[in-house]
Amino acid sequence: MDTSCQQKVFFTFLPQNITKAPHYCCPVIDNLRSEAKHMGNILNEEEHEHPLIKSTLPPQPHGSNNHSLFQRSCSESKKLWHIAAPSIFTRLAMFSITVVTQSLAGHLGDLDLAAISIACTVLISITFGFLLGMASALETLCGQAYGAGQQRILGVYLQRSWVVLFLSSILLLPVFIFATPVLKLIGQPVAVAEQAGLVAVWLIPLHLSFPFQFTLQRFLQCQLKTGIIAWVSGVALAVHVLVSWVFVYRMRIGIVGTALSIGFSWWLSVLGMLGYTLFGGCPRSWTGFSVEAFVGLWEFFKLSLASGVMLALENFYYRLLLIVSGYMHNTEIAIDALSVCVTIYGWESMIPLAFLGATGVRVANELGAGNAKGARFATVVSVVTTLFVGFIFWLVIVSFNKNLALIFTSSSSVIQMVNELAMLLAFTVLLNCIQPVLSGVAVGSGRQAVVAYINIGSYYLIGIPLGVLLGWLLPSGIGMWTGMMSGTVVQTLILAIITMRYDWEKEVCFTKRSVLARNGTVLVSFSSNKIKLYNALGLVLFFT
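When the count follows the working numbering, it moves up by one through the sequence shown with no breaks and lands on 658 for the last residue.
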């Protein structure tokens with residue numbers, strides 16, 4: 115640990131920290147020593163097994179000296195995939211629930227398909243992206259606390275996130291209640307807007323499941339309990355197929371049935387993870403409901419808000435480009451071609467988003483454990499792994515560029531434009547495999563607000579204006595997609611520069627200070643003439 119970190123020493127409240135202090139004839143100090151011994155005996159058992167900060171010595175290097183670089187890389191990659199693989203399956207399973215619903219709606223009629231598509235693609239995506247981003251604050255808090263061995267506080271963080279995200283979801287209800295007039299305002303046909311507004315009201319149960327779905331996933335993921343998340347998601351998908359068929363074909367409640375079936379399946383997933391958490395699946399991190407969940411809500415909200423803005427801005431970016439493309443020349447073909455590319459991009463993005471979460475957890479765990487070298491090594495392995503995955507997708511798109519659009523359309527004009535966009539799509543996919551990992555590093559170190567500002571600048575001040583300009587100068591699809599990729603390039607370069615300039619030792623000090631401050635642990639500041647001791651018992655000054 116560097117000298118800057120040694121200027122302030124943070125440690126848990128153990129009796130030896132008090133008993134070694136000079137003995138003064140002061141009843142207050144004597145009482146404090148006695149109370150410290152009592153509190154220390156309570157904390158000793160947990161701290162002996164998982165010390166928050168083991169010592170003031172530099173942390174041990176990641177892996178022993180006799181381990182080769184290859185062995186260390188394999189070990190870190192195994193940890194990364196242990197988190198990412200179930201997360202990929204979970205995201206694909208939950209995404210497929212919407213696909214199944216849209217497929218059933220398509221058999222009901224064109225109007226119903228248009229309504230459910232607009233409701234899911236536009237309305238749900240707004241609240242989904244924002245609440246999912248807010249939930250990623252748990253990756254920072256729980257990941258760092260788990261790495262520091264402070265598992266008890268994880269349950270408090272989970273309950274606090276429920277309060278903040280549920281209140282936020284209530285504030286977002288007007289998106290569904292006033293869907294019809296808003297859709298009419300942006301130019302949707304009256305029949306489609308009214309039907310989509312009806313669907314939106316019945317999608318409110320789905321919307322209200324997001325605060326619990328996203329937070330429980332991250333709570334379990336930070337403890338490496340990813341298997342249960344995948345199992346619950348798989349069961350929810352299987353049940354959804356059956357329930358959707360019953361609602362639509364047996365009970366014949368039409369488009370309302372499709373909306374209700376989505377909410378039912380998502381709540382089933384929530385109940386599965388909640389049951390696992392409450393009934394013995396997390397004995398160290400869940401110790402019951404606590405009033406501590408209502409303490410520090412504002413600080414938690416600020417971190418969650420930064421996370422929500424970070425992901426929401428990225429989620430809205432591509433949809434805004436599609437809306438803008440509607441005002442270009444050759445509109446119909448441009449929108450169709452861009453829609454095909456964005457759909458392919460959306461399916462592929464499930465994998466990088468899983469690595470975003472996995473990288474955030476790994477970096478937070480290592481920082482929480484005081485292992486600067488481990489955090490840096492986890493970042494390198496994550497970047498290399500996702501680059502390899504991105505290259506595979508790049509190769510697939512380049513090799514089958516002439517056949518990509520055939521999955522979605524038979525229009526020769528659209529197929530031709532998608533073929534022209536394929537190379538841009540391939541490089542965008544490659545960039546998209548790097549950017550989430552770099553964002554995950556920021557999430558793991560608690561710097562979501564920085565990424566939010568970068569997203570605003572690169573996407574909305576560069577990507578969209580350049581996309582609009584190039585959309586007029588070049589064939590619409592190529593121009594718009596070039597603008598989209600330019601924003602992603604700028605964002606990736608900035609995040610890469612920030613990551614390369616990270617001082618990981620200072621990040622460890624910052625993380626330890628944050629974890630101790632959140633947990634109300636004793637903070638001791640040493641100076642040349644005095645020692646200040648802050649704790650729950652009060653403030654005592656020992657003059658030396």
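Virtual Cβ for every residue (Gly too), placed ideally from N, Cα, C. It should be emphasised that the depicted structure is a prediction, and the values quoted were computed from it without experimental measurement.
Buried versus exposed call for residue i [16 or more other C-beta atoms within 10 Å across all chains shown]
i	result
Lys122	Bear in mind that a pLDDT of 39 at Lys122, under 50, signals an unreliable position, so the number given afterwards is only what the model happens to contain. Classification of Lys122: exposed, given that the 10 Å Cβ count is below 16.
Leu583	exposed
Arg476	buried
Thr233	Note that residue 233 is Ala in the sequence shown here, rather than Thr. Looking at its Cβ environment, which holds 16 or more other Cβ atoms inside 10 Å, Ala233 is buried.
Asn643	Here the model assigns Asn643 a pLDDT of 31, short of 50, so the residue's position is not dependable and the matter cannot be decided.
Ile568	buried
Ser379	buried
Gly474	buried
Arg274	buried
Gln185	exposed
Pro303	exposed
Arg496	Sequence inspection shows Ser at residue 496; the Arg mentioned does not correspond to that position. Buried is the call here.
Glu413	exposed
Gly394	exposed
Phe403	exposed
Val405	exposed
Leu281	exposed
Phe502	exposed
Gly389	exposed
C-beta atoms of residue i and residue j nearer than 9 Å
i	j	result
Leu552	Leu609	yes
Asn546	Tyr616	no
Ala472	Ile197	yes
Val532	Ala407	no
Leu268	Tyr260	yes
Ala262	Ala483	yes
Ile592	Val543	no
Thr606	Ile529	no
Glu621	Leu481	yes
His321	Leu374	no
Ile300	Pro200	no
Ala293	Ala305	no
Thr329	Leu279	yes
Gly257	Ala478	yes
Val353	Leu382	yes
Leu222	Ala314	no
Reference residue i; option with closest CA among the options
i	options	result
Lys298	Gln273, Gly597, Cys396, Ala229	Ala229
Pro319	Phe333, Val384, Gln335	Val384
Trp316	Val304, Thr340, Thr372	Thr372
Trp508	Leu227, Gly577, Ala540, Ile284	Ala540
Leu255	Ser399, Trp595, Val528	Ser399
Ala219	Ile369, Ser404, Leu382, Trp380	Ile369
Val270	Trp618, Cys396, Thr596	Cys396
Leu535	Pro550, Thr596, Thr294	Thr596
Met424	Met248, Val213, Gly341	Met248
Asn485	Gln265, Asp226, Pro200, Lys626	Lys626
Ile202	Val353, Thr340, Val405	Thr340
Val498	Gln185, Ser182, Ser191	Ser191
Met614	Leu501, Met594, Val494	Val494
Phe469	Leu252, Leu279, Pro550	Pro550
Ile611	Trp381, Leu183, Val564, Met594	Val564
Ser527	Ala314, Met594, Val454	Val454
Phe326	Gly410, Gln337, Gly386, Cys336	Gly386
Residue i versus residue j - alpha carbon distance
i	j	result
Phe93	Arg364	The question about residue 93 has no answer, for the chain in this structure spans 115 to 658.
Leu520	Leu194	35 Å
Gly177	Arg490	Caution is warranted here: a pLDDT of 46 is assigned to Gly177, below 50, making its placement in the model unreliable, and no coordinate value can be reported.
Phe505	Gln562	27 Å
Leu334	Leu392	12 Å
Ile376	Trp461	19 Å
Arg332	Gly422	14 Å
Thr457	Ser513	18 Å
His137	Phe624	With a pLDDT of 43 at His137, under the threshold of 50, the predicted position of this residue should be treated as unreliable, and no value is reported.
Val555	Leu285	30 Å
Met598	Ile578	7 Å
Ser358	Thr215	7 Å
Val277	Ser283	10 Å
Arg266	Ile465	31 Å
Cys188	Trp618	22 Å
Pro295	Asp226	18 Å
Arg366	Thr401	45 Å
Leu538	Gly581	13 Å
Ser463	Asn517	20 Å
Can at least three beta-carbon pairs, one atom from the segment 204-211 and one from the segment 341-357, be found at a separation below 8 Å? Because the criterion of three Cβ pairs below 8 Å is met, the segment 204-211 and the segment 341-357 touch.
Is the number of C-beta pairs between the segment 243-256 and the segment 409-429 that are closer than 8 Å three or more?
Note that the segment 243-256 touches the segment 409-429; at least 3 beta-carbon pairs, one per stretch, sit closer than 8 Å.
Are the segment 569-584 and the segment 599-613 in contact at 8 Å, needing three or more beta carbon pairs? Contact holds between the segment 569-584 and the segment 599-613, because three or more Cβ pairs, one in each stretch, are under 8 Å apart.
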